[in-house]
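Residues 1 to 149 in UniProt numbering are what the sequence shown spells out, letter by letter. Ideal Cβ positions, reconstructed from N, Cα and C, are used throughout, including at glycine. It should be emphasised that the depicted structure is a prediction, and the values quoted were computed from it without experimental measurement. One structure is given below, encoded as C-alpha cells.
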Amino acid sequence: MLRFDPFSDLDALTRGLLTSQTGSNRTPRFMPMDLCKVDDHYLLTADLPGVDPGSVDVNVDSGTLTISAHRTARSEDAVQWLANERFFGTYRRQLSLGEGIDASAISATYENGVLTVTIPIAERAKPRKISVAHGGEQRSIQPTTVDAE
C-alpha cells in the first residue's frame, strides 16, 4: 500500500507554526481528555492508546494534577515504513485543581487505552442545606398613619 499526500508536509508545518508546541512530528502533541462533574466528584477520562501501562503516572502537587505517560517507539530494525503516523514519546498534561477538591482521595485506573481519574469534591465544598432557627417571639410591624390636618 502506497500513500501519496502532497499536502501533509505543508499541513504539518502550518500546524507547527500556529501552535506553541515544539518538537518533531513524531513527538506526542496532546493528550485528548474529557472532564465532567458527576454527583459529588469530577471524572476525567484521557485517551492513551498504546501507552506502556507501567509508565502512566498521576500525581498532585500544590493544587496541580499532573498526568504523564510514555509510548515506546517501534524498533526500526529491517522495517520499510509505508506509513508512519503514530506518535511516540512522553505525554504530559497538567490541570489546576480548585480549593474544593479532596486531593487525598483522588484515584485512577488505566484500562483498554483509557485513563480514568476520579477527583472527589471535598466534604466542606459540597452543597448543603442550612437550617434556619426561629426566634421565640415574632414581632409584627404595624403600619403608621399620617394625620392630615
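Fill in: Arg86 vs Met31 beta-carbon contact at 8 Å
no
Practice prompt. Alpha carbon to alpha carbon, how far is Gly89 from Ser104? Give it in angstroms, no decimals.
Written response: 29 Å
Fill in: Touching by the beta-carbon criterion (3+ pairs, under 8 Å), the segment 76 to 84 and the segment 103 to 118
no
Discussion item. Within the continuous beta strand (DSSP E) that includes Arg128, where are the two ends?
Written reply: Taken as a continuous stretch (DSSP letters only), Arg128 belongs to no beta strand (DSSP E), as it is neither H nor E.
Discussion item. Let me check understanding here. Comparing Cα to Cα, which of Gly98, Asn59, Ala108 and Gly54 lies closest to Ile121?
Written reply: Gly98
Worksheet entry | CA-to-CA distance, Gly135 to Ala108, given in whole angstroms | 49 Å
Worksheet item: Does the Cβ of Ala46 have 16 or more other Cβ atoms within 10 Å, making it buried, or fewer, making it exposed?
Response: buried
Worksheet item: In the structure shown, what three-state DSSP assignment does Ala103 receive?
Response: helix
Discussion item. Am I right that Thr118 and Leu43 are in contact with their C-beta atoms under 8 Å? What's the rounded C-beta distance?
Written reply: 6 Å
Worksheet entry | Rounded separation between Ala69 and Asp77 - CA only | 25 Å
Worksheet entry | Residue range of the unbroken beta strand (DSSP E) whose run includes Thr59 | Position check: residue 59 holds Asn in this sequence, whereas Thr was assumed. Segment Asp57 to Asp61, the beta strand (DSSP E) holding Asn59.
Worksheet item: For Val51, which residues of its own chain have a beta-carbon under 6 Å away from its beta-carbon, when the five flanking residues on both sides are left out?
Response: Ala69 and Arg71
Worksheet item: Whose CA, out of Arg128, Ser75 and Ile67, lies closest to the CA of Leu48?
Response: Ile67
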